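Student: Quick one: this structure, given as structure tokens, is what I'll be asking you about.
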Amino acid sequence: MPQEPGAAQARTEAFLSWMREQPIAAVPQRANAQHYEVPAAFFREVLGPHLKYSCGYWAPGIESLAASEQEALRLTCDHARLVDGQRILELGCGWGSLTLWMAERFRASHITAVSNSASQREHIEAVARERGLDNLEVITTDVNDLLDPGRFDRVVSVEMFEHLRNYERLLQRIAGWLRPGGRLLVHLFCHRDVPYAYEDEGDDDWMARHFFSGGIMPSDDLLLRCQGELRVEAKWRWSGTHYERTANAWLRRLDARREAVLAILREAGGPDPAELGLQRWRIFFMACAELFGYDGGGQWWVSHTLMTRP
């Protein structure tokens, strides 16, 4: 049946009202265990050389996961308007792909990276020591208890907002951390027009239960409705096919390294057999590829939003 005029807007407004009643992060400990306390060795097998656990950018002519990582990192820095000498805050630094990329290319800048994962902090610090990088620090904290207000030239966040729920409250804090004229770049995956939450309410909620507890799927316009003191300066969209290709590349690496991955999962222990854990990761990567590839990448995609503090 045809959608009633205004129905999508009404759903988004109802979702925004629900978000205002939520904490910034709903269940950070559970979400952390699902993704980020998995051993670094697992991700070294599955991800590309930069350990970028987020969408790559497959420009024409790019055929490797490594090249797609590099192009996505380059575009992120370009879109954030980074220049040497800035104070940069990265919220949700993952395994350090962007943190280390920025630290190597902007040697006069100082990068503060925030993660709620001790294993991620240890990995980034070890790589930084190996490369002789002394212009970064990694803070381990829950996003609900972030650092005191400071004065940063840039705040960058790559696929962290999807794990959060109260955008207005978070953007208010970020505005306080930015100096006047400072900028925030948010990279997130989203749906074309419908935001929704991942809730574990039963056995059918497989994605929420095993990989995305407390997460949401933002709509493309959701950040625009939560600006507060910030102002949107520019916006870019990457077709969902970029994530389709990224997830399929992870899946191929996982399958090619099956025995090594099983050994890593066995050594890590946990309540479930390693074979079950591996199969869940296979299904997760396949589900992501199918979701973002649907309709030629025109329903779910990745957006970059650049916001400025006046």
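Using this note's numbering, the letters of the sequence shown correspond one by one to residues 1392 to 1701. Glycine included, each C-beta is placed from N, C-alpha and C at the ideal position. Note that the structure is a prediction, hence the values are computed from the model and not measured.
Less than 7 angstroms between C-beta atoms, sequence neighbours within five positions excluded: which residues of the same chain meet that for residue 1679?
Tutor: Take residue 1679, set aside five residues on each side of it, and the residues of its chain with a beta-carbon closer than 7 angstroms to its own are 1634, 1638, in chain order.
Student: Using the C-alpha atoms, what's the distance from residue 1408 back to residue 1686?
Tutor: Approximately 30 angstroms between the Cα atoms of the pair.
Student: Apart from the five residues just before and just after residue 1484, which ones in its own chain have a Cβ nearer than 6 angstroms to its Cβ?
Tutor: Shown here for residue 1484: same chain residues with a beta carbon closer than 6 angstroms to its own, the five before and five after excluded, namely 1490, 1504, 1506 in chain order.
Student: Could you tell me whether the Cβ atoms of residue 1696 and residue 1574 are closer together than 8 angstroms?
Tutor: no
Student: Could you tell me whether any Cβ in chain B is nearer than 8 angstroms to the Cβ of residue 1483?
Tutor: Protein chains in the displayed structure number just one, and chain B is not present.
Student: Could you check where the alpha helix (DSSP H) with residue 1646 kicks off and where it finishes?
Tutor: Counting along the chain, residue 1646 sits inside the alpha helix (DSSP H) bounded by residues 1632 to 1647.
Student: Counting pairs of Cβ atoms below 8 angstroms between the region 1667 to 1681 and the region 1619 to 1633, do you hit three or more?
Tutor: no
Student: Going by C-alpha distance, which of 1547, 1478, 1510 is nearest residue 1467?
Tutor: 1547
Student: Ignore the nearest five residues each way along the sequence and tell me which others in residue 1598's own chain have a CB closer than 8 angstroms to its CB.
Tutor: 1589, 1675, 1678
Student: With 16 as the cutoff for other CB atoms within 10 Å, does residue 1586 come out buried or exposed?
Tutor: buried
Student: Check each candidate in 1450, 1592, 1458, 1471 and name the one with the smallest Cα separation from residue 1442.
Tutor: 1458
Student: Determine the direct distance from the alpha carbon of residue 1521 to that of residue 1415, and round the result to whole angstroms.
Tutor: 35 angstroms
Student: Here's the rule: buried if 16 or more other CB atoms are within 10 angstroms of the residue's CB, otherwise exposed. What is residue 1642?
Tutor: Looking at its Cβ environment, which holds 16 or more other Cβ atoms inside 10 Å, residue 1642 is buried.
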